[in-house]
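Here the structure comes first, spelled out in structure tokens, and everything after it is commentary.
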Amino acid sequence: MAKFTLLVHGGAGDVSAGPTARQRERKSRLVLKQALLCGYRVLKMGGTAIDAVVAAVKVLEDSPLFNAARGSVLTHRGGVEMDAAVMDGKTLSAGAVAGVRKIKNPIEAAVAVMRCCQGVLLAGEGAEQFAAEQGLKIVKQTYFITAGRRRQLQRIRNSHTMQLDHDSGTDHPAEDTELG
Amino acid sequence: TVGAVALDQYGNLAAGTSTGGLVNKRFGRIGDSPIIGAGTYADNGSVAVSATGTGESFIRSVCAHEIAARVKYCGFSVGRAATEVTKTVIPALGGRGGVIALDHAGRFAMPYVTRGMYRGLIRSNGQSQVWVFD
Numbered sequence: 001m002a003k004f005t006l007l008v009h010g011g012a013g014d015v016s017a018g019p020t021a022r023q024r025e026r027k028s029r030l031v032l033k034q035a036l037l038c039g040y041r042v043l044k045m046g047g048t049a050i051d052a053v054v055a056a057v058k059v060l061e062d063s064p065l066f067n068a069a070r071g072s073v074l075t076h077r078g079g080v081e082m083d084a085a086v087m088d089g090k091t092l093s094a095g096a097v098a099g100v101r102k103i104k105n106p107i108e109a110a111v112a113v114m115r116c117c118q119g120v121l122l123a124g125e126g127a128e129q130f131a132a133e134q135g136l137k138i139v140k141q142t143y144f145i146t147a148g149r150r151r152q153l154q155r156i157r158n159s160h161t162m163q164l165d166h167d168s169g170t171d172h173p174a175e176d177t178e179l180g
Numbered sequence: 181t182v183g184a185v186a187l188d189q190y191g192n193l194a195a196g197t198s199t200g201g202l203v204n205k206r207f208g209r210i211g212d213s214p215i216i217g218a219g220t221y222a223d224n225g226s227v228a229v230s231a232t233g234t235g236e237s238f239i240r241s242v243c244a245h246e247i248a249a250r251v252k253y254c255g256f257s258v259g260r261a262a263t264e265v266t267k268t269v270i271p272a273l274g275g276r277g278g279v280i281a282l283d284h285a286g287r288f289a290m291p292y293v294t295r296g297m298y299r300g301l302i303r304s305n306g307q308s309q310v311w312v313f314d
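Protein sequences, first through last, are from chains V and G.
With our numbering as the guide, the letters of the first sequence map in order to residues 1 to 180.
With our numbering as the guide, the letters of the second sequence map in order to residues 181 to 314.
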């Protein structure tokens, strides 16, 4: 069997120390491993790099521990606005969605744009309409929003600043014991 | 922000990134993830890249494509290209974050300029590893 490789990331920031953070770190490591295994299975069965990337990213999107899809950080208005993209190195074809609020797995919408749309980047309601027409799962905003992310927003809302998802330990859901 | 890059058994590369963006963002702010060449890029002739961090600096440096270009046109290794861009270009623009990058031979780099980055690797022999700090 020819060799293959898969890498994943779950975000960067000033990951904090402390018991709650360590607990979150342990859980995050498990989800990262799960994502790697999902992508690995695809590659081992002869699947393409694109399919492996999507399989791995979906695991991370479905986990509330990471800032993507379920567990996304909240906007000033208290909702989610998610972005996703994929690119195929063989054909240089690409697809992306931006500012979407209802697509359960934005990475799947990005793939659908790449495969079924003449455009490369669709935004907002148009992207959601396209995703629905492609048969992708549409969910309510409440699916994405966790209690920890609400508390995180509450703390930073009046500061007129923005923040990376893993920055400032006490602002992270982990510190609010929102661990998935 | 989450992402993945892969090299399949046919020698093809791919990259994907997904994010909720920054906490408390306003005015329809879009980050680097969906901007092809900024936060996400793949080219069999160079590398596949997925980025995470302060998106504006990744957009302004066209970060993912910059790494690919250094590999493709300067002959840099994936490690040198990814590390230079992540640890020099991005901070010079006031940005922070990290990337995962993979070339057609399975060589990879995962540099970052934050305290930590959640990241992992699996090879065709099934051996996997995950890291948060170094």
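Where a beta carbon is used, it is the ideal one built from N, C-alpha and C, also for glycine.
Is it true that the CB of residue j sits closer than 8 Å to the CB of residue i?
{"i": "V:Glu128", "j": "V:Val111", "result": "no"}
{"i": "G:Thr234", "j": "G:Thr220", "result": "no"}
{"i": "G:Ala228", "j": "G:Ala222", "result": "yes"}
{"i": "V:Phe144", "j": "V:Ser72", "result": "yes"}
{"i": "V:Leu189", "j": "G:Val258", "result": "Nothing about residue 189 of chain V can be read from this structure; chain V reaches only from 1 to 180."}
{"i": "G:Ala272", "j": "G:Val185", "result": "no"}
{"i": "G:Ala195", "j": "V:Val120", "result": "no"}
{"i": "G:Gly286", "j": "V:Lys3", "result": "yes"}
{"i": "G:Gly183", "j": "V:His9", "result": "yes"}
Between the alpha carbons of residue i and residue j, how many angstroms are there, rounded?
{"i": "G:Tyr190", "j": "V:Ala69", "result": "30 Å"}
{"i": "V:Val59", "j": "V:Gln152", "result": "23 Å"}
{"i": "G:Asn224", "j": "G:His284", "result": "6 Å"}
{"i": "V:Ala85", "j": "G:Phe313", "result": "26 Å"}
{"i": "V:Asp176", "j": "G:Ile216", "result": "Only weak support exists for where V:Asp176 lies, its pLDDT of 36 falling under 50; the coordinates are left without a value."}
{"i": "V:Ala56", "j": "V:Leu136", "result": "17 Å"}
{"i": "V:Asp88", "j": "V:Arg115", "result": "10 Å"}
{"i": "G:Thr268", "j": "G:Gly255", "result": "18 Å"}
{"i": "G:Ile270", "j": "V:Ala147", "result": "33 Å"}
{"i": "G:Phe288", "j": "G:Asn305", "result": "16 Å"}
{"i": "V:Gln141", "j": "G:Glu236", "result": "26 Å"}
{"i": "G:Asp188", "j": "V:Lys27", "result": "28 Å"}
{"i": "G:Gly214", "j": "G:Lys252", "result": "Looking at the sequence shown, residue 214 of chain G is not Gly but Pro. Approximately 22 Å, taken between the alpha carbons."}
{"i": "V:Tyr125", "j": "V:Gln134", "result": "This sequence places Glu at residue 125 of chain V; Tyr is not what is there. Taking the straight line from one Cα to the other gives about 14 Å."}
{"i": "G:Gly211", "j": "V:Val80", "result": "13 Å"}
{"i": "G:Arg276", "j": "G:Arg206", "result": "20 Å"}
{"i": "V:Arg157", "j": "G:Gly201", "result": "15 Å"}
Mind reading off the beta-carbon distance from residue i to residue j? Whole number of angstroms is fine, and I expect it under 8 Å.
{"i": "G:Ser241", "j": "G:Val265", "result": "7 Å"}
{"i": "G:Met297", "j": "V:Ala35", "result": "In fact, because the Cβ distance is near 15 Å, the residues do not count as touching under 8 Å."}
{"i": "V:Leu182", "j": "V:Arg149", "result": "Only positions 1 to 180 of chain V appear in the structure, and residue 182 of chain V is not among them; the question remains open."}
Cβ-heavy atom distance between residue i and the ligand COA below 7 Å?
{"i": "V:Thr142", "result": "Looking at this structure, you won't find the ligand COA or any other ligand, since it has none at all."}
Taking 8 Å as the threshold, find out whether the stretch 79 to 95 of chain V comes into contact with the stretch 34 to 42 of chain V through three or more Cβ pairs. no
Against chain V: residues of the stretch 261 to 275 of chain G by CB proximity under 8 Å:
none
Query raised in the report: the stretch 196 to 211 of chain G: which residues have C-beta closer than 7 Å to a C-beta of chain V, in chain order?
Result: Gly196, Thr197, Ser198, Thr199, Gly200, Gly201, Leu202, Val203, Asn204, Lys205, Arg206, Gly208, Ile210 and Gly211
Practice problem: Could you list the residues in the stretch 68 to 91 of chain V with a C-beta less than 7 Å from some C-beta on chain G, going in chain order? | Solution: Ala68, Ala69, Ser72, Val73, Leu74, Thr75, His76, Val80, Glu81, Met82, Asp83, Ala84, Ala85, Val86, Met87, Asp88, Gly89 and Lys90
Fill in: Members of the stretch 4 to 26 of chain V that neighbour chain G once the beta carbon cut-off is set at 7 Å
Phe4, Thr5, Leu6, Leu7, Val8, His9, Gly10, Gly11, Ala12, Gly13, Asp14, Val15 and Glu25
Exercise for review: Output, in sequence order along the chain, the residues in the stretch 142 to 156 of chain V whose CB is closer than 7 Å to any CB in chain G.
Suggested key: Gln152, Leu153 and Ile156
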